[in-house]
Amino acid sequence: MARFTNKSIIVTGGGSGIGRAASILFAAEGGSVVVADKTTAAHDTVNAITDAGGTAVAIEMDAGVEEDVIRTVALAVDTFGGLDIAFANAGISGGMANIFDTDVALIAEVLRVNVIGPYLMVKHAAPKIAERGGGALVLTASVAGIRSGAGSPAYSASKAGVISLAMTSAQQLSGSNVRVNALCPGLTETGMTKPTFDYAREAGKMDRVGRLNPLRRGAQPEELAKVALFLASDDASYVNGQAIAVDGGLSSSHPVTKQEYGRTAV
Ligand SMILES: NC(=O)c1ccc[n+]([C@@H]2O[C@H](COP(=O)([O-])OP(=O)(O)OC[C@H]3O[C@@H](n4cnc5c(N)ncnc54)[C@H](O)[C@@H]3O)[C@@H](O)[C@H]2O)c1
Numbered sequence: 004m005a006r007f008t009n010k011s012i013i014v015t016g017g018g019s020g021i022g023r024a025a026s027i028l029f030a031a032e033g034g035s036v037v038v039a040d041k042t043t044a045a046h047d048t049v050n051a052i053t054d055a056g057g058t059a060v061a062i063e064m065d066a067g068v069e070e071d072v073i074r075t076v077a078l079a080v081d082t083f084g085g086l087d088i089a090f091a092n093a094g095i096s097g098g099m100a101n102i103f104d105t106d107v108a109l110i111a112e113v114l115r116v117n118v119i120g121p122y123l124m125v126k127h128a129a130p131k132i133a134e135r136g137g138g139a140l141v142l143t144a145s146v147a148g149i150r151s152g153a154g155s156p157a158y159s160a161s162k163a164g165v166i167s168l169a170m171t172s173a174q175q176l177s178g179s180n181v182r183v184n185a186l187c188p189g190l191t192e193t194g195m196t197k198p199t200f201d202y203a204r205e206a207g208k209m210d211r212v213g214r215l216n217p218l219r220r221g222a223q224p225e226e227l228a229k230v231a232l233f234l235a236s237d238d239a240s241y242v243n244g245q246a247i248a249v250d251g252g253l254s255s256s257h258p259v260t261k262q263e264y265g266r267t268a269v
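Last residue of the sequence shown: 269 (our numbering), numbering continuous.
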């Protein structure tokens, strides 16, 4: 039996990248998916799902606006009879401005979408998931939230906040059978990173993309989505309050001179 048969699932940021891949994979495994995005791309993802025989509905919403999150949870409950899983994945990079060039409006917007968004989803989805006897929330953080070096100060602070939110939420949901984990992607080819990948391809420098991790490449969105599905599924029934890095091994090392497989270290 497919892992998500009879499961009602919300995916924010479902119009592109990791969220689109996860929406499609959830539906392919029997899930009924509310694809939520601030753009009309949510409808494109739903069309891809229904064309393949799956079940999904789209909603245009802003993940950082409380009324919109309430509307999204209500859509899942009203359409699919309840809620079992929420993947709070919508996020923005906010650019690469350093601390001295980041104005308060920019950091406030990054925190609004990246931290308040997942916070609102925990607040409004968890009680509905608990009503079904339990389930899971997966919040998309980033390797940028683990340590410096993978995004702007605003973005990194926001993603560290998501990791903390997963931990504190897991604790505050004690006894509810609702699990909360954070997914920490490394560099992944999506709408957010398109300029990086496009530039590298055009310049013939794809060998430099992701070269700091032991796998020496960036990820495809499906590689992240599959881990999100694992964390959302009963396969991860004892995984709770964790930040799971999916980064080709990037965050497993301090910065050192890399050893080359098959060569003697000097
Ligand atoms: N791509 C990477 O290398 C990478 C690395 C680490 C973490 N992440 C995180 O992964 C998540 C998904 O991003 P992606 O890489 O798939 O990028 P993406 O740009 O392809 O997809 C993000 C989606 O979120 C939507 N979105 C943005 N703000 C929203 C809002 N306020 N309300 C609703 N929807 C909104 C966008 O319209 C878009 O469809 C983000 O949280 C991002 O920070 C990505």
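No residue lacks a Cβ here, since even glycine has one placed at the ideal position from N, Cα and C.
Taking C-beta separations shorter than 8 angstroms and ignoring five residues to either side along the sequence, the partners of GLY136 in its chain run ASN180, following chain order.
The criterion of a C-beta distance shorter than 7 angstroms is satisfied by VAL118 and GLY164. Here the alpha carbon of THR42 sits roughly 13 angstroms from the alpha carbon of GLY22. Distance between PRO258 and ASN216, taken at the CA atoms: about 11 angstroms. In terms of side-chain proximity, the C-beta atom of LEU176 is found no nearer than 6 angstroms to any non-hydrogen atom of ligand 1.
Around the beta carbon of THR53, fewer than 16 other beta carbons sit within 10 angstroms, so the residue counts as exposed. For SER155, the shortest separation between its Cβ and any heavy atom of ligand 1 does not lie below 6 angstroms.
Taking the Cβ of ASN50 as the reference point, every heavy atom of ligand 1 lies at 6 angstroms or farther away.
Boundaries of the beta strand (DSSP E) harbouring PRO188: 181-188, taken from the DSSP string. In this structure, PRO188 is the residue among GLY120, SER11, PRO188, PHE7 with its C-alpha nearest to the C-alpha of ALA246. Taking the Cα of SER256 as reference, the smallest distance to any Cα among SER35, GLY152, ALA231 is reached at GLY152.
By the Cβ-count criterion, PHE103 is exposed, with fewer than 16 other Cβ atoms from all chains shown falling within 10 Å of its own Cβ.
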